[in-house]
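See below for the structure under consideration.
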């Protein structure tokens, strides 16, 4: 009977994690000056990609961000902030070059990554923040 209870408990935990993951977006969320504060405080761990349409390295990084948003669903929520259309937040966050990724844990800035890093290097930078 103990084995059956252990299996039930394990399955319940798996279902709960699956449900929690579905509540997290599987693709980057558009973030604006107006929604920025709410976005970074809504989830335990967020990464905001500060970019602009004309930026070549930003366009190189974009598919990587899309992949990570899907692969890390339930762990990290990714957002995209167009710095041309949202200059207030870019200025408040001290964005002087793009692409820049801002990593927030519990709404607090914990890391900043500048440049278009390869996926593996980016994962290494984010790994310490994933619970």
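In this note's numbering, the protein residues as written are 2 to 132. Beta carbons: idealized from backbone N, C-alpha and C, even for Gly. These numbers come from a predicted model, not from an experiment.
Can you tell me whether residue i is buried or exposed? The criterion is at least 16 other CB atoms within 10 Å of its CB, across all chains shown.
i, result
"residue 100", "buried"
"residue 29", "buried"
"residue 31", "exposed"
"residue 127", "buried"
"residue 116", "exposed"
"residue 7", "exposed"
For the beta strand (DSSP E) containing residue i, list its first residue and its last residue.
i, result
"residue 105", "101 to 106"
"residue 46", "46 to 52"
Using the DSSP secondary-structure output, state which residues sit across from residue i in a beta bridge.
i, result
"residue 112", "104"
Grab the span of the alpha helix (DSSP H) containing residue i for me, first residue to last.
i, result
"residue 128", "Premise fails: residue 128 is in no alpha helix (DSSP H) and is neither H nor E."
"residue 38", "37 to 43"
Next on the checklist: As an exercise, report each continuous beta strand (DSSP E) stretch of at least 3 residues that is fully enclosed by the region 70 to 94, in chain order.
Outcome noted: 78 to 83
Checklist entry - Using 8 Å as the Cβ pair cut-off and three pairs as the minimum, do the region 80 to 93 and the region 49 to 61 touch? => result yes
Next on the checklist: Using 8 Å as the cut-off, can you tell me whether the region 96 to 112 makes contact with the region 29 to 46, which would need three or more C-beta pairs spanning the two stretches below that distance?
Outcome noted: yes
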